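Okay, so here's the structure we're looking at.
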Ligand SMILES: C[S@@+](CC[C@H](N)C(=O)[O-])C[C@H]1O[C@@H](n2cnc3c(N)ncnc32)[C@H](O)[C@@H]1O
Ligand code: SF4
Ligand code: SF4
C-alpha cells in the first residue's frame with residue numbers, strides 16, 4: 002500500500018490544527034458524473050438530468066483546493082465513474098496528492114483495470130446480493146457476473162473491497178456476501194440504504210435490520226474481512242435501538258458534485274445538490290464558520306464515510322493510524338498484492 006507522504010503530512014498538520022479547535026475536512030468524495038449504465042432501484046443518480054461535467058484542468062483545481070484544505074483521502078464515485086474516458090488521467094493526478102479510492106458497479110472493470118489500477122490505493126466494487134438477486138436490484142442482467150469477473154481480475158492489481166448496500170430486498174443475503182468476499186480474497190464495506198426522495202424507497206425495516214447488524218458485528222469480531230470497526234456497529238445499535246445517539250461530525254467529510262460544487266452539510270441531507278465551486282471558496286474559513294452543531298444529533302444515516310470518522314479521536318495519532326490506515330488495509334495484510342491467498346475453486 003502506497004501511503005503518500007503528503008497524506009501523512011496533512012494528517013499531522015490536521016491533528017495539530019484540531020488541537021487548536023480548528024475544523025478541516027479529512028476525507029473527500031467526488032462524483033465524476035451522474036450518468037450510469039445500470040438502473041439500481043435505490044439510487045437516484047442515473048435518473049438525474051442536471052449533469053455538468055468538468056475537464057481535467059478543473060478536476061485538478063478541485064484537487065488543489067481539497068489538498069490545501071487538509072484533505073488526505075479522495076474517493077471517486079458517480080454515477081458510474083468508469084464511463085468517463087478520462088478517468089485514468091484524473092486518477093493519476095489524484096494519486097500524486099491523495100490516498101485514492103474509486104467505487105464502481107464493476108460492469109466495465111475488467112476492461113478499464115489497466116488504466117486505473119496503478120493510481121488507486123483501494124477499489125470498491127458494489128455487490129448487493131448473490132447472482133439473480135444482485136441483477137434484480139441493479140436492474141440489468143449479468144451485472145453480478147461482470148462485477149465478480151472484474152474483481153477476479155482486479156484483486157491481484159489493487160486492494161479490492163466489495164461495497165455492499167443493505168436494502169429491504171437483500172437483508173437475508175448479507176452473510177452470503179461476506180462469504181463471497183472471503184472466497185474472492187477481497188474486503189467488504191457496508192452501506193445501509195436510505196431513502197432518497199427521487200429513488201425507490203429501499204431502506205430496510207429497522208426491526209428486521211437489527212439481527213443483521215448484530216450478526217455482521219459478530220462476523221467482524223471473529224475476523225471477517227469487514228472494513229467497518231466494531232465501534233461502527235455499536236454506534237448504529239446504540240443510536241437506532243438504544244436511544245444513544247452518536248455525535249455526527251459531517252465536517253470531517255467533504256463532498257463535491259460533478260460540476261465541482263460543495264455539497265453541504267452532507268450529501269444525504271442535500272441529495273447531492275452542490276452550492277459553489279470548491280475553488281471559489283475559502284474552505285478553511287467556510288469550515289470554521291458553518292453551523293455544524295445543528296447536525297450533531299441527526300443520526301439519520303449510518304454511512305460509514307460519515308459515521309466512522311465521527312467516531313475517531315483525531316488528535317490521537319495512534320488512533321488515526323490504527324483506524325483509518327490500518328483499518329482500511331487490515332485484510333490486505335492477510336492477502337498482500339504479490340502473494341495473495343489462493344482463492345477457492347468457486348472464488
Ligand atoms: C451511487 S454508487 C456510485 C458508484 C457505482 N455506480 C456503484 O454502484 O458502485 C456508490 C454506492 O452507493 C450505493 N447506494 C446507492 N443507492 C444508495 C442508497 N439509497 N443508500 C445507500 N447507498 C446507496 C451503491 O450501492 C454504491 O455502493
Ligand atoms: S448505485 Fe451505482 S450502478 Fe447503481 S444506478 Fe446508482 S450509480 Fe449506477
Ligand atoms: S447523520 Fe445526518 S448529518 Fe450526519 S451524515 Fe448522516 S444525514 Fe448527514
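In this note's numbering, the protein residues as written are 2 to 348.
We put the beta carbon where it would ideally sit given N, CA and C, even for glycine.
Please read these numbers as outputs of a predicted model, since none were measured by experiment.
Short check: CB of residue 231 to CB of residue 222, under 8 Å?
-> The sequence position of residue 231 within the chain shown is 230, counting from 1. The sequence position of residue 222 within the chain shown is 221, counting from 1. A contact, by the Cβ cut-off of 8 Å.
Given residue 68 as reference, the closest of 96, 57, 85 once Cα atoms are compared | For the purposes of this step, residue 68 is identified with residue 67 of the chain shown, where counting begins at 1. For residue 68, the closest C-alpha among the options 96, 57, 85 is that of 96.
Along the alpha helix (DSSP H) that carries residue 124, what are the first and last residues, could you check?
-> Here residue 124 is taken as the residue at index 123 of the chain shown, counted from 1. Judged by DSSP secondary structure, residue 124 falls outside any alpha helix (DSSP H) and instead within the beta strand (DSSP E) spanning 123 to 127.
Any non-hydrogen atom of ligand 2 within 7 Å of residue 164 CB | Position 163 of the chain shown holds residue 164. A distance criterion of 7 Å places the beta-carbon of residue 164 beyond contact range of ligand 2, judged by its closest non-hydrogen atom.
Could you tell me whether any non-hydrogen atom of ligand 2 is closer than 7 Å to the CB of residue 106?
-> The count along the chain shown starts at 1 and reaches residue 106 at position 105. Because some heavy atom of ligand 2 lies under 7 Å away, the Cβ of residue 106 counts as near it: yes.
Apart from the five residues on each side of it in sequence, which residues of its chain come closer than 6 Å, Cβ to Cβ, to residue 132?
-> Numbered from 1 along the chain shown, position 131 holds the residue referred to as residue 132. Hits under 6 Å: 145.
Any 3 or more C-beta pairs closer than 8 Å across the region 273 to 290 and the region 144 to 164 | The answer is no - the region 144 to 164 does not touch the region 273 to 290, with fewer than three Cβ pairs under 8 Å.
What first and last residue would you give for the alpha helix (DSSP H) that runs through residue 95?
-> In the chain shown, residue 95 corresponds to position 94, counting from 1. For residue 95, the enclosing alpha helix (DSSP H) starts and ends at 88 to 96.
With respect to 7 Å, is the separation between the Cβ of residue 204 and the closest non-hydrogen atom of ligand 2 below this value?
-> For the purposes of this step, residue 204 is taken as residue 203 along the chain shown, with counting starting at 1. Result no, Cβ not under 7 Å from ligand 2.
Answer yes or no: the CB of residue 39 versus the heavy atoms of ligand 2, is any distance below 7 Å?
-> Here residue 39 is taken as the residue at index 38 of the chain shown, counted from 1. True, at least one ligand heavy atom lies under 7 Å from that Cβ.
How many angstroms separate the CA atom of residue 310 from the CA atom of residue 22?
-> Along the chain shown, one-based indexing puts residue 310 at 309. Along the chain shown, one-based indexing puts residue 22 at 21. If you take the alpha carbons of residue 310 and residue 22, they lie about 16 Å apart.
Span of the beta strand (DSSP E) around residue 74 = Taking the chain shown and counting its residues from 1, the one referred to as residue 74 is at position 73. Residue range 74 to 78 is occupied by the beta strand (DSSP E) that includes residue 74.
Put residue 255 into one of helix, strand or coil per three-state DSSP.
-> The count along the chain shown starts at 1 and reaches residue 255 at position 254. Residue state, collapsed to three classes: strand.
Counting only runs of 3+ residues fully inside the region 97 to 165, write out the beta strand (DSSP E) ranges in chain order.
-> Runs of the beta strand (DSSP E) inside the region 97 to 165: 100 to 105, 123 to 127.
What span of residues does the beta strand (DSSP E) with residue 193 cover, start to end?
-> Indexing the chain shown from 1 puts residue 193 at position 192. First-last of the beta strand (DSSP E) with residue 193: 188 to 193.
Inter-residue Cα distance where the pair is residue 94 and residue 31 = Taking the first residue of the chain shown as 1, we reach residue 94 at position 93. Taking the first residue of the chain shown as 1, we reach residue 31 at position 30. Rounded to whole angstroms, residue 94 and residue 31 show a C-alpha spacing of 14 Å.
Can you tell me whether DSSP reads residue 282 as helix, strand or coil?
-> The residue labelled residue 282 in the question sits at position 281 within the chain shown. It is coil, neither helix nor strand.
From the DSSP output, read off the bridge partner residues of residue 32.
-> Counting from 1 along the chain shown, the entry for residue 32 is found at position 31. Residue 32 is bridged to 78.
Which value, in whole angstroms, describes the spacing of the CA atoms of residue 195 and residue 211?
-> Residue 195 sits at position 194 when you count from the first residue of the chain shown. Residue 211 sits at position 210 when you count from the first residue of the chain shown. Rounded to the nearest whole angstrom, the C-alpha separation of residue 195 and residue 211 is 15 Å.
Is residue 85 helix, strand or coil by DSSP?
-> The sequence position of residue 85 within the chain shown is 84, counting from 1. Here residue 85 sits in coil by DSSP.
Below 8 Å between beta carbons: does that hold for residue 127 and residue 159?
-> Here residue 127 refers to the residue found at position 126 of the chain shown. Here residue 159 refers to the residue found at position 158 of the chain shown. Cβ distance not < 8 Å, so residue 127 and residue 159 don't count as in contact.
When DSSP labels each residue in this structure, what does residue 231 get in the three-state scheme?
-> Working through the chain shown from its first residue, we reach residue 231 at position 230. In this structure, residue 231 counts as helix in the three-state DSSP scheme.
Report the residue from 299, 179, 296, 197 whose alpha carbon sits nearest the alpha carbon of residue 43.
-> For the purposes of this step, residue 43 is taken as residue 42 along the chain shown, with counting starting at 1. Of the candidates 299, 179, 296, 197, the one whose C-alpha sits nearest the C-alpha of residue 43 is 197.
Does ligand 2 have even one heavy atom less than 7 Å from the beta-carbon of residue 130?
-> By 1-based counting over the chain shown, the position of residue 130 is 129. No - ligand 2 has no heavy atom lying nearer than 7 Å to the Cβ of residue 130.
Among residues of its own chain, excluding the 5 on either side of residue 263, which ones have a beta-carbon nearer than 7 Å to its beta-carbon?
-> Here the question's residue 263 lines up with position 262 in the chain shown. In the same chain as residue 263, and ignoring 5 residues on each side of it, the C-beta atoms closer than 7 Å to its own belong to 255, 257, 275, 276, 277, 279, 282, in chain order.
Among 41, 217, 209, 172, the one whose alpha carbon lies nearest that of residue 142 | Within the chain shown, numbered from 1, the residue matching residue 142 stands at position 141. The residue with the shortest Cα to Cα distance from residue 142 is 41.
Exposed or buried, residue 266, counting other C-beta atoms within 10 Å across all chains shown (16 or more means buried)?
-> Looking up residue 266 in the chain shown gives position 265. So residue 266 ends up on the buried side.
For residue 45 and residue 182, believed in contact at Cβ under 8 Å, the rounded distance = As a first step, residue 182 is located in the chain shown; it is residue number 181 there, counting from the start. As a first step, residue 45 is located in the chain shown; it is residue number 44 there, counting from the start. Under the criterion of beta carbons closer than 8 Å, residue 182 and residue 45 do not qualify as touching, at roughly 27 Å.
Report all residues from its chain with a CB closer than 7 Å to the CB of residue 298; omit the five preceding and five following residues, and keep chain order.
-> Reading the chain shown from its first residue, position 297 is the one you call residue 298. Only residues of its own chain outside the window of five on either side were considered, and among them 246 have a CB closer than 7 Å to the CB of residue 298, listed in chain order.
Could you tell me the distance, in whole angstroms, from the CA atom of residue 35 to the CA atom of residue 107?
-> For the purposes of this step, residue 35 is taken as the residue at position 34 of the chain shown. For the purposes of this step, residue 107 is taken as the residue at position 106 of the chain shown. Cα-Cα distance, rounded: 16 Å.
Neighbourhood of residue 238 by C-beta, 8 Å cutoff - its chain only, sequence neighbours within 5 removed = For the purposes of this step, residue 238 is taken as the residue at position 237 of the chain shown. Excluding positions up to five away in sequence, the list reads 211, 214, 215, 218.
Closer than 7 Å: is that where the CB of residue 30 sits relative to any heavy atom of ligand 2?
-> To locate residue 30, count along the chain shown from 1; it is residue 29. The nearest non-hydrogen atom of ligand 2 is 7 Å or more from the C-beta of residue 30.
Residue 151 CB to nearest heavy atom of ligand 2 below 7 Å | Position 150 of the chain shown, counting from 1, holds the residue named residue 151. The answer is no for residue 151.
Give the range of the alpha helix (DSSP H) segment to which residue 57 is assigned.
-> Position 56 of the chain shown, counted from the start, is the residue given in the question as residue 57. Per DSSP, the unbroken alpha helix (DSSP H) holding residue 57 starts and ends at 57 to 70.
Would you check whether ligand 2 has a heavy atom nearer than 7 Å to the C-beta of residue 175?
-> Position 174 of the chain shown, counting from 1, holds the residue named residue 175. No.
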